[in-house]
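Protein sequences appear in the order of chains A and B. Going from the first sequence to the numbering used here is simple: count from 1 and add 3. Going from the second sequence to the numbering used here is simple: count from 1 and add 9. Okay, so here's the structure we're looking at.
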Amino acid sequence: MISTAINRAARVAFAFVLMNYAAVAGLLSLGRHRELWR
Amino acid sequence: MTVVFWASAFIVVYVYLLYPALLGLWARVAPRPVSAEPQTPHLSVIVAARNEAERLSARLDNLLALDYPRGRLQIIVVSDGSTDSTSDILRRYAPAVESVHLSGGGKARALNEGVVRARHSILVFADVRQRFASDALRALVAPLADPTVGGVSGELILDCESGESTVSGISDGVGGYWKYEKWLRRQESRIGSMMGATGAIYALRREFWQPLPENTILDDVLAPMRAVMASTRVVFEASARAFDTTVPAPAELRRKIRTLAGNFQILWLEPRLLNPRKNPVWLQYLSHKVGRLLVPYALLALLLSSAVLSVGSTFYALMFAAQLGFYALAAYGAYLDRNDRRRLTSPADAPPVTPRAVSERTAFLKGRP
C-alpha cells in the first residue's frame with residue numbers, strides 16, 4: 004500500500020520534472036531555429 | 010537571496026496552487042453560463058496528415074461513422090508532403106472525403122489550405138491520431154447556439170485516465186497532470202474563455218479564423234486565442250469526446266517540448282496576448298500559460314537560494330532538504346519508468362531524446378522539409 008503510494012508520487016514527481024525540463028528544452032529548440040519562424 | 014527565495018516560491022505556488030484556487034473560486038462566484046442547444050449546422054472537418062497511411066483508414070472510418078447528418082458534413086484531409094501511401098488511401102475515400110495534396114510546408118500551411126477549401130461557416134479541426142465518440146460533433150456544436158461563443162474545445166480522454174493504458178510508467182503522472190490541466194481549462198471556460206483548445210477536437214466559427222503563419226507550432230492555441238482577442242468566447246465542452254493513447258516517456262517528453270516551445274513562439278507571433286487592453290483573458294493567460302514557462306527557472310532559483318540560505322538557518326535548510334527529497338523522488342520515478350519501458354516492447358517506444366531528435370521534430374512542425 005505504502006510502496007504503491009510512493010511509486011505513484013514518484014511518477015507524478017517525474018512527470019512534473021519532465022514538464023519543467025520541456026519548458027527549458029522548448030525555449031532552446033526554438034532559439035536554434037529562430038530564423039524559421041521570425 | 011531571501012528575496013530570490015520568496016519570489017521564486019511565490020511563482021511556483023501561485024502557478025500550481027493559488028491560481029487554480031482563485032480560478033475555482035471565481036468560477037463558483039461569477040460563472041458565465043453558455044446557452045447550448047442541440048443543433049446540426051453544416052460543418053467542415055479539417056484534418057492535416059503527413060505519412061499517416063497506417064492510421065488514416067481507421068480515422069476516416071471513424072469520421073464517416075459519426076452520428077451527424079452526412080449531408081451536413083464536409084471532410085477535408087490535407088496531405089502535407091506525404092511520401093507513403095496516404096494519397097492512395099485518400100483516393101479510395103473520395104468523394105466522401107475531399108483531399109488536398111501539398112508538397113510540404115508544415116501543419117499550419119496544411120490547415121490554412123484546408124480552411125480555403127472549407128465550404129461551411131463552422132470549422133472543426135481534428136488530428137489523424139485520435140478517435141471521436143460517435144456523438145462528438147453534435148456535442149461540439151451545441152454551445153455554438155450561443156452567439157457569444159465563437160469556438161468550442163472538446164475533451165481529449167487519455168487511456169491512462171481510466172487505467173486502460175498499456176504504457177504504465179509515466180502514464181500515471183501524465184494522467185494526473187492531464188486531469189489537472191482539464192480541470193483548469195473547465196474553470197477558465199466557466200468564467201469566460203479557455204486559453205486555447207484541444208488540438209484533437211475543436212470547432213471555430215469561420216469568421217474568427219485568421220490564416221496561421223506557416224511555422225506556427227500550436228495552431229490549437231493561436232487560432233482560438235485570436236478569436237478570444239476578437240471578443241468572442243472559446244468554451245470547453247466535456248461531452249464532445251476524443252480518445253487517445255498514452256505514449257512512453259520519451260515520446261511524451263518530445264510532445265511536451267513541442268507544446269512548450271509553441272507557447273514561447275506564440276508570445277512572439279501574437280504579442281497582444283501580453284497586453285491587458287487587447288487580451289480579455291490576460292490574467293488567466295499570464296497565470297496559466299506564461300507562468301508555466303517561468304516555473305522551471307523559479308524552481309532552479311528556489312533550489313540555489315535555499316542552498317545558500319541554509320547555512321545558519323534551520324528553516325531554509327529544511328526547505329533545501331525538502332526540495333532534494335522531491336528531486337530524489339522524481340529520480341526514483343525516472344527509474345520506475347525506465348524499468349517499465351524495458352518490460353514493454355511498444356513500437357512507440359522511441360529512442361532517447363537528444364537535441365537532434367528535438368530539432369528534427371520541431372523542424373517538421375515549423376514547416377521545414
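Where a beta carbon is used, it is the ideal one built from N, C-alpha and C, also for glycine.
What does B/A339 reach in chain A if we use C-beta pairs closer than 8 Å? Looking up residue 339 of chain B in the second sequence gives position 330. Taking a Cβ-Cβ cut-off of 8 Å, the neighbours of B/A339 in chain A comprise A13, A16, F17, F19, V20, given in sequence order.
Going along the chain, which residues of the stretch 303–333 of chain B sit with their C-beta nearer than 7 Å to a C-beta in chain A? V304, P305, L308
In chain A, what lies closer than 8 Å to B/Q346 by C-beta? Numbered from 1 along the second sequence, position 337 holds the residue referred to as residue 346 of chain B. Before going further, note that residue 346 of chain B is Asp rather than Gln in the sequence given. Listed by position along chain A, the residues whose Cβ is nearer than 8 Å to that of B/D346 are R14, F17.
Name the DSSP bridge partner or partners of B/I166? Position 157 of the second sequence, counted from the first residue, corresponds to residue 166 of chain B. According to DSSP, which records beta bridges pairwise, B/I166 is partnered with B/F252.
Taking B/F14 as the query, report the chain A residues whose CB atoms sit under 9 Å from its CB, ordered along the chain. Sequence index remark: in the second sequence, residue 14 of chain B carries index 5 (1-based). Correct list: empty, because the minimum Cβ distance to chain A is about 18 Å.
Please classify B/W187 as buried or exposed, where buried requires at least 16 neighbouring CB atoms within 10 angstroms. By one-based count along the second sequence, residue 187 of chain B stands at place 178. With 16 or more Cβ atoms within 10 Å of its Cβ, B/W187 is classed as buried.
Does the Cβ of B/M234 have 16 or more other Cβ atoms within 10 Å, making it buried, or fewer, making it exposed? Residue numbering aside, residue 234 of chain B sits at position 225 when the second sequence is read from its first letter. By the 10 Å Cβ count, B/M234 comes out buried.
Is the Cβ of A/A8 closer than 8 Å to any Cβ of chain B? The count along the first sequence starts at 1 and reaches residue 8 of chain A at position 5. The beta carbon of A/A8 sits no closer than 8 Å to any beta carbon of chain B.
For B/A251, the nearest candidate out of B/N60, B/A30, B/D144, B/L283 (CA to CA): As a first step, residue 251 of chain B must be located in the second sequence, where it is residue number 242. Of the candidates B/N60, B/A30, B/D144, B/L283, the one whose C-alpha sits nearest the C-alpha of B/A251 is B/D144.
Roughly how many angstroms separate the alpha carbons of B/S53 and B/P40, rounded to a whole number? Against the second sequence, residue 53 of chain B aligns to sequence position 44. Against the second sequence, residue 40 of chain B aligns to sequence position 31. Roughly 31 Å separates the two Cα atoms.
Less than 8 Å between the C-beta atoms of B/V161 and B/A239, yes or no? Within the second sequence, numbered from 1, the residue matching residue 161 of chain B stands at position 152. Within the second sequence, numbered from 1, the residue matching residue 239 of chain B stands at position 230. No, Cβ-Cβ distance for B/V161 and B/A239 is not below 8 Å.
Alpha carbon to alpha carbon, what distance is there between B/V133 and A/G3? Outside the displayed range of chain A (4 to 41) lies residue 3 of chain A, so it cannot be described from this structure.
If you run the structure through DSSP and keep just helix, strand and coil, what is B/Q83? For this step, residue 83 of chain B is matched to residue 74 along the second sequence. Strand at B/Q83.
Assess, as a yes-or-no matter, whether the stretch 14–26 of chain B is touched by the stretch 303–316 of chain B under the definition of 3 or more beta carbon pairs within less than 8 Å. yes
Near B/V86, which residues of its chain fall below 7 Å by C-beta distance, leaving aside the five closest residues on each side in sequence? On the second sequence, residue 86 of chain B is found 77 positions in, with the first residue counted as 1. Hits under 7 Å: V56, A58, L99, V106, S108.
Assigned secondary structure, B/Y211 (DSSP; H/G/I helix, E/B strand, else coil): As a working note, residue 211 of chain B is residue 202 in the second sequence. Three-state result, B/Y211: strand.
Under 7 Å by beta carbon: chain A residues contacting B/Q219: Position 210 of the second sequence, counted from the start, is the residue given in the question as residue 219 of chain B. Simply none; closest approach about 16 Å.
Taking the beta carbon of B/P152 as the centre, do at least 16 other beta carbons fall within 10 Å, making it buried, or is it exposed? Position 143 of the second sequence holds residue 152 of chain B. Answer is buried; the Cβ neighbour count reaches 16.
Going by the beta-carbon positions, is the gap between B/V237 and B/S202 smaller than 8 Å? Counted from its first residue, the second sequence places residue 237 of chain B at position 228. Counted from its first residue, the second sequence places residue 202 of chain B at position 193. Result yes, Cβ atoms of B/V237 and B/S202 sit closer than 8 Å.
Under the three-state reduction of DSSP, which class applies to B/E190: helix, strand or coil? The sequence position of residue 190 of chain B within the second sequence is 181, counting from 1. Helix, per DSSP.
Residue range of the alpha helix (DSSP H) that B/S53 falls in? The sequence position of residue 53 of chain B within the second sequence is 44, counting from 1. Where B/S53 is concerned, there is no enclosing alpha helix (DSSP H), although the beta strand (DSSP E) it sits in stretches over 52–58.
Rounded to the nearest angstrom, what separates B/G159 and B/R242 at their Cα positions? In the second sequence, counting from the first residue as 1, residue 159 of chain B sits at position 150. In the second sequence, counting from the first residue as 1, residue 242 of chain B sits at position 233. Near 5 Å, if we compare the C-alpha coordinates of B/R242 and B/G159.
Through-space distance from B/R68 to B/R140, alpha-carbon basis: The residue given as residue 140 of chain B occupies position 131 in the second sequence. The residue given as residue 68 of chain B occupies position 59 in the second sequence. Those two C-alpha atoms are separated by around 6 Å.
Thinking C-alpha only, which one of B/L149, B/L269, B/L318, B/L312 is nearest B/G300? Against the second sequence, residue 300 of chain B aligns to sequence position 291. Of the listed residues, the one whose Cα sits closest to B/G300 is B/L269.
Restricting to Cα atoms, I'd like to know which of B/I210, B/L338, B/E216, B/N121 is closest to B/S248. As a working mapping, residue 248 of chain B is identified with position 239 in the second sequence. Measuring from the Cα of B/S248, the nearest candidate turns out to be B/I210.
Is the Cβ-Cβ distance between B/S91 and B/N60 less than 8 Å? Numbered from its first residue, the second sequence carries residue 91 of chain B at position 82. Numbered from its first residue, the second sequence carries residue 60 of chain B at position 51. Yes, the Cβ-Cβ distance between B/S91 and B/N60 is below 8 Å.
If contact is defined by three or more beta carbon pairs under 8 Å, each pair taking one atom from either stretch, is the stretch 25–36 of chain B in contact with the stretch 125–132 of chain B? no
Give me the Cα-Cα distance between B/A260 and B/I266, rounded to the nearest whole angstrom. Numbered from 1 along the second sequence, position 251 holds the residue referred to as residue 260 of chain B. Numbered from 1 along the second sequence, position 257 holds the residue referred to as residue 266 of chain B. Their Cα atoms are separated by approximately 10 Å.
Are the C-beta atoms of B/A119 and some chain A residue less than 8 Å apart? Here residue 119 of chain B refers to the residue found at position 110 when the second sequence is read from its first residue. By this cut-off, B/A119 is not an interface position.
Are the C-beta atoms of B/Y211 and some chain A residue less than 8 Å apart? Your numbering for residue 211 of chain B matches position 202 in the second sequence. No, its Cβ sits nowhere closer than 8 Å to a Cβ of chain A.
B/I131 - containing beta strand (DSSP E), residue span: Locating residue 131 of chain B in the second sequence gives position 122, where the first residue counts as 1. Unbroken beta strand (DSSP E) run through B/I131: 131–135.
Thinking C-alpha only, which one of B/S112, B/G115, B/L82, B/A119 is nearest B/P104? Counted from its first residue, the second sequence places residue 104 of chain B at position 95. Nearest option by C-alpha distance: B/L82.
Beta-ladder partner(s) of B/V244, from DSSP: Looking up residue 244 of chain B in the second sequence gives position 235. DSSP, once it has assigned bridges, lists B/V161 as partnering B/V244.
Please report the straight-line C-alpha distance between B/D349 and A/I5, rounded to a whole angstrom. Taking the second sequence and counting its residues from 1, the one referred to as residue 349 of chain B is at position 340. Taking the first sequence and counting its residues from 1, the one referred to as residue 5 of chain A is at position 2. Approximately 19 Å, taken between the alpha carbons.
Cβ-based burial, A/T7 [other Cβ within 10 Å; buried from 16]: Position 4 of the first sequence, counted from the first residue, corresponds to residue 7 of chain A. Exposed.
Confirm, please, whether the CB-CB distance from B/D89 to B/L72 is below 8 Å. As a working note, residue 72 of chain B is residue 63 in the second sequence. As a working note, residue 89 of chain B is residue 80 in the second sequence. No; because the gap between Cβ atoms is not below 8 Å, this pair is not in contact.
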